[in-house]
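Comments concern the structure below.
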Amino acid sequence: MSVPKKRKTSSSTKQQRSHHSLKKQTLGSCPKCGQAVRPHIACSFCGTYKGKAVLKVENKVKNKK
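Okay, so the sequence shown: first residue is 178 according to the numbering used here, each after it adds one.
Written out as structure tokens, the structure reads:
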């Protein structure tokens, strides 16, 4: 196995790791139901994308006991 000729400096290591951070997700609102939706993705609550129904969504009913 090869061995590095020079030790990597701490600043060089930190610069390389700066691209590993996670980015915050951008959210918009669905024009039909108003729920938070990621851009360019169909709404999982009402099943619409760009004003057209593209998903079949069943109504979720919670049983309260």
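Where a beta carbon is used, it is the ideal one built from N, C-alpha and C, also for glycine.
Checklist entry - Do Pro216 and Gly205 have their C-beta atoms within less than 8 Å of each other? => result Taking the sequence shown and counting its residues from 1, the one referred to as residue 216 is at position 39. Taking the sequence shown and counting its residues from 1, the one referred to as residue 205 is at position 28. Yes.
Checklist entry - So, are the CB atoms of Gly224 and Val234 less than 8 Å apart? => result Taking the first residue of the sequence shown as position 1, residue 224 is located at position 47. Taking the first residue of the sequence shown as position 1, residue 234 is located at position 57. Yes, the pair counts as a contact, with Cβ atoms nearer than the cut-off.
Checklist entry - Looking at Ala219 and Leu199, is the spacing between their C-beta atoms short of 8 Å? => result Along the sequence shown, read from residue 1 onward, the residue named residue 199 stands at position 22. Along the sequence shown, read from residue 1 onward, the residue named residue 219 stands at position 42. Result no, Cβ atoms of Leu199 and Ala219 do not sit closer than 8 Å.
Next on the checklist: Going by DSSP in three states, Thr225 sits in which element: helix, strand or coil?
Outcome noted: Sequence index remark: in the sequence shown, residue 225 carries index 48 (1-based). Strand, per DSSP.
Checklist entry - What's the C-alpha gap between Gly211 and His196? => result Here residue 211 refers to the residue found at position 34 of the sequence shown. Here residue 196 refers to the residue found at position 19 of the sequence shown. Taking the straight line from one Cα to the other gives about 33 Å.
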